[in-house]
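Written below as structure tokens is the structure these notes are about.
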Amino acid sequence: MALLTLQPVAAIIQALRDFYQNPKEGLFLVHAISSNPSSHQGYSVREELVFCHSKLVVPETSTLRSLLLQEFHASPTGGHAGIQQTYARLSALFYWPLMGQSMVSFIKVCLSCQAVKPITKAPQGSL
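As numbered in full-length UniProt numbering, residues 1 to 127 make up the sequence shown, in order.
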């Protein structure tokens with residue numbers, strides 16, 4: 001899947017560019033990584049974006065994390081896939097610390113998933 005082929009992802013990439021150009025928050029991180037790459041192992045700056053091992057870094061202070069979770073899980077293209085499938089698609093392009101925990105928390109409270117989730121407990125026997 002090409003990074004810029006999906007329009008919502010392209011909008012998110014532009015929002016990330018805007019964040020990393022913000023002098024109060026993102027620009028500091030870009031300059032820190034650019035000026036001393038050896039102290040930020042695995043991180044790089046390309047095309048005004050921060051990458052960690054070739055994955056776009058989504059900052060903690062940004063509201064983009066919840067938008068990405070919504071797009072990759074609850075949108076029509078996300079299809080309310082399970083935890084592993086959603087994590088595989090999301091982590092192929094993006095990175096943030098504790099991404100798995102964020103995603104599990106998001107999916108556990110997804111109303112659509114909770115409404116149609118099959119019951120996994122065995123039925124109780126007769127008394």
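From the three backbone atoms N, C-alpha and C, an ideal C-beta is built for every residue, glycine too.
Less than 8 angstroms between the CB atoms is what I'm expecting for residue i and residue j, so what's the real figure, rounded?
i    : j   : result
F94  : V58 : 5 angstroms
C110 : H80 : 7 angstroms
E25  : T63 : Their Cβ separation, rounded to whole angstroms, is 12 angstroms, which puts E25 and T63 out of contact at 8 angstroms.
What would DSSP say about residue i, mapped onto helix, strand or coil?
i    : result
C110 : coil
L56  : strand
S44  : strand
L69  : helix
Once you ignore the five residues that flank residue i on each side, which residues in its own chain have a CB closer than 7 angstroms to its CB?
i    : result
V104 : I83
G100 : Y87
K108 : none
Where does residue i land, buried or exposed, given buried means 16+ other C-beta within 10 angstroms?
i    : result
A115 : exposed
Output needed for residue i: all residues of its chain with C-beta closer than 8 angstroms, excluding positions within five of it in sequence on either side, in chain order.
i    : result
S102 : R65, L69 and W96
P37  : Y43 and S44
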